[in-house]
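Asks: Residue numbering for the sequence shown follows the numbering used here, beginning at -15 and increasing consecutively.
Even for Gly, the Cβ is constructed at its ideal location relative to N, Cα and C.
Let me give you the structure first, and then I'll get to my questions.
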Amino acid sequence: MKHFIIHTLGCKVNQYESCQIEQWLRSHGFCPASPGSPADLVVINTCCVTQTAASKSRQAVRKLHKQNPSAFLILTGCLSAAPVEETADLPKTAVWAADKHQLLDILRSLLGPSEDREPNGTSKAPFSYKIKHKNDPDTQQFPSIDPFGPLNSFSGQTRAFLKIQDGCDVCCTYCIVPKIRKKLWSKPADAILNEAKALLAAGHKEIVLTGIFLGAWGRNTARRKNWDLSQPNPLPPLLKKILRLPNLERLRLSSLEPADVTDELIEVYQQYPNLVPHLHLPLQSGSDRILKRMARQYTSEEYLNICRKLQEWLDRPAITTDIIVGFPGESEEDFEKTVEICRQVGFAKMHVFPFSPRKDTAAARMKPPVPAAVIRRRAERLQELDTLLQEQFRRQFIGQTVRVILEQTNPPAGRCDRYFMVDCSAADFPEPPIQGQVVSIRLTR
Ligand code: SF4
């Protein structure tokens, strides 16, 4: 029996893809290594969206290589498609899979010829594979489609992620993603529905639709100026089909941009209570000057108008966001505009990212840089505001009953529809609570 470790860094798309890899390995006779035991195969699904993420990925590679010196080491994910110099110091024995097709080829080759396999399907012999390095022409990216196939279940989580889209060609100036996952791909609607049915049959009550640019599902570009606006938004009809599936307690969308939030989409939120009123809309900055430098596809006014419409049309939606502070050239006045719009929206949660230049992006070359101490101070201010706004948002629900899906049982706790965690330890459970159980909880504090 061959044992594997999969180590995942980064976003929901990476987490979904790691789950696909795990499913494939299990179905081919591999089994997970017990904690602390060495593995025969280590797959590291890396991230390189920021310099910090890239350096965490490199650290993970070194650490896992040290802990599993004789394991066959495969590096996949975004760092494996990043420029060669970013990975030059990593173990030379590692095999690169810059794309999931390549990864599948490598994994298949590890099974060896069928006559050399154990009854469970894994190779009797030590793994062998002709190592290719990143700068070999053979390791360049294949088109980004999904070779691993649908998930049957999302192991280890009550919420199942379902990847329906890949790729972005927008080129926001701080972002490396369009260099790594440029080609847009949308999972066909039938495949999405079948996968969602399988996830529900496996007992998941909540599905989170994920993608690199979710709002570009069904389109061949994420650049809005190239969209044919005479055509209807393809996302709402897809959502309706998913939302009608039996036993789907909750559907959540991982992230959208303001222009994705069309009237048709808000109407779907109104019509289907299992589409939870939580929208993650990355703002990044409240200053139009900075949004323009970032090459974002909206203005602060458009952003604010969408939030107001959501708040008018839906019952107290949880609007969450990402903000970058200290983008090159961000003045005190620009920053104050960000603070102001955050107050006006009243975010349920803000993820605050101090700007750090990502190599090979346009923003890394932009001037003038904001001094580190100023970035720190601005980030602290927004974090304080976040604490205040989160509290204000949650306070509205005191005395009301919310629906919670338990993620843990000792003590019982889970997320409500609007995504905040609810401590259910004071609730009266007639039977011992179980993970994944849907409970109604009256909020007392
Ligand atoms: S929309 Fe912008 S931030 Fe998002 S993945 Fe594309 S380039 Fe990156």
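Looking at the strands, I want to know which residues DSSP matches up with residue 190.
Replies: Its beta-bridge partners are 143 and 234.
Asks: Work out the CA separation of residue 404 and residue 412 for me, nearest whole Å.
Replies: Going by the C-alpha atoms only, they are around 20 Å apart.
Asks: Can you tell me where the alpha helix (DSSP H) with residue 220 in it begins and where it stops?
Replies: Segment 219 to 227, the alpha helix (DSSP H) holding residue 220.
Asks: Spatial neighbours of residue 279 within its chain, please: CB distance less than 7 Å, with the 5 preceding and 5 following residues excluded, ordered by chain position.
Replies: Cβ neighbours of residue 279 beyond the five flanking positions: 155, 156 and 157.
Asks: Hey, does residue 418 have any beta-carbon neighbour from chain E nearer than 9 Å?
Replies: Chain labels in this structure do not include chain E; a single protein chain is all it has.
Asks: Out of 235, 219, 258 and 164, point me to the one whose CA is closest to residue 243's CA.
Replies: It is 219.
Asks: Could you give the uninterrupted runs of the alpha helix (DSSP H) lying entirely in the stretch 351 to 397, keeping only those of 4 residues or more?
Replies: With a minimum length of 4 residues, the continuous alpha helix (DSSP H) runs that stay inside the stretch 351 to 397 are 356 to 379.
Asks: Can we count residue 158 as close to ligand 1, meaning its CB is less than 8 Å from some heavy atom?
Replies: The answer is yes for residue 158.
Asks: Cβ of residue 395 versus every heavy atom of ligand 1: is any distance shorter than 8 Å?
Replies: Outside the cutoff, so no.
Asks: For residue 302, which three-state DSSP category applies?
Replies: The answer is strand: DSSP assigns residue 302 an E or B state.
Asks: For residue 258, which of helix, strand or coil comes out of DSSP?
Replies: Looking at residue 258 - three-state DSSP - the assignment turns out to be coil, as it is neither helix nor strand.
Asks: Kindly examine ligand 1 and report whether one of its heavy atoms sits closer than 8 Å to the Cβ of residue 241.
Replies: Correct: residue 241 has its Cβ closer than 8 Å to ligand 1.
Asks: Does the beta-carbon of residue 408, which I'm using as the reference point, lie nearer than 8 Å to any heavy atom of ligand 1?
Replies: No, the Cβ of residue 408 stays beyond 8 Å of every heavy atom of ligand 1.
Asks: Residue 31: beta carbon under 8 Å from a heavy atom of ligand 2?
Replies: Ligands displayed in this structure: ligand 1; ligand 2 is not among them.
Asks: Buried or exposed, going by whether 16 or more other CB atoms sit within 10 Å of the CB of residue 55?
Replies: Buried is the call here.
Asks: Quick check on the burial criterion: 16 or more other C-beta atoms within 10 angstroms. Buried or exposed for residue 317?
Replies: Exposed, by the Cβ-count rule.
Asks: Given residue 337, which residues of its chain have a CB within under 6 Å of its CB, disregarding the five upstream and five downstream residues?
Replies: Within the same chain, residue 337 has close Cβ partners 308.
Asks: With respect to the beta strand (DSSP E) encompassing residue -11, which residues constitute its N-terminal and C-terminal limits?
Replies: Note, residue -11: beta strand (DSSP E), -13 to -8.
Asks: Just to confirm the assignment, what range does the beta strand (DSSP E) spanning residue 56 have?
Replies: Here the beta strand (DSSP E) through residue 56 covers 56 to 61.
Asks: Does DSSP classify residue 5 as helix, strand or coil?
Replies: It is helical.
Asks: Whole angstroms is fine: what's the gap from residue 192's alpha carbon to residue 143's?
Replies: Approximately 7 Å between the Cα atoms of the pair.
Asks: Quick one: using the 10 Å Cβ neighbour count with 16 as the cut-off for buried, is residue -14 buried or exposed?
Replies: Buried, since its Cβ has 16 or more Cβ neighbours within 10 Å.
Asks: Where does residue 349 fall in DSSP's three states?
Replies: Three-state result, residue 349: helix.
Asks: Mark residue 6 as exposed unless 16 or more other C-beta atoms lie within 10 angstroms of its C-beta, in which case mark it buried.
Replies: Looking at its Cβ environment, which holds 16 or more other Cβ atoms inside 10 Å, residue 6 is buried.
Asks: For residue 81, does the count of other Cβ atoms within 10 angstroms reach 16, so buried, or fall short, so exposed?
Replies: It is buried - the Cβ of residue 81 has at least 16 other Cβ atoms within 10 Å.
Asks: For residue 162, is the beta carbon positioned less than 8 Å from some heavy atom of ligand 1?
Replies: Yes, ligand 1 has a heavy atom inside 8 Å of this Cβ.
Asks: Taking only the alpha-carbon atoms, compute the straight-line gap between residue 47 and residue 381 and give it to the nearest angstrom.
Replies: Taking the straight line joining both Cα atoms gives about 45 Å.
Asks: Report whether the distance from the Cβ of residue 65 to the nearest heavy atom of ligand 1 is below 8 Å.
Replies: Outside the cutoff, so no.
Asks: If the criterion is Cβ atoms closer than 9 Å, does the pair residue 40 and residue -7 meet it?
Replies: Against a cut-off of 9 Å, the Cβ pair of residue -7 and residue 40 comes out as a contact.
Asks: Please confirm whether any heavy atom of ligand 1 lies closer than 8 Å to the CB of residue 37.
Replies: Flag unset: Cβ of residue 37 not near ligand 1.
Asks: Just to check, is the beta-carbon of residue 197 closer than 8 Å to a non-hydrogen atom of ligand 1?
Replies: Result yes, Cβ under 8 Å from ligand 1.
Asks: Residue 38 to residue 261, Cα distance in whole Å?
Replies: Roughly 33 Å separates the two Cα atoms.
Asks: If we count Cβ pairs, one from each stretch, closer than 8 Å, do we get three or more for the stretch 263 to 270 versus the stretch 297 to 307?
Replies: With the cut-off at 8 Å, the stretch 263 to 270 and the stretch 297 to 307 touch.
Asks: Inspect the beta-carbon positions of residue 287 and residue 325 and report whether they are closer than 9 Å.
Replies: Yes; because the gap between Cβ atoms is below 9 Å, this pair is in contact.
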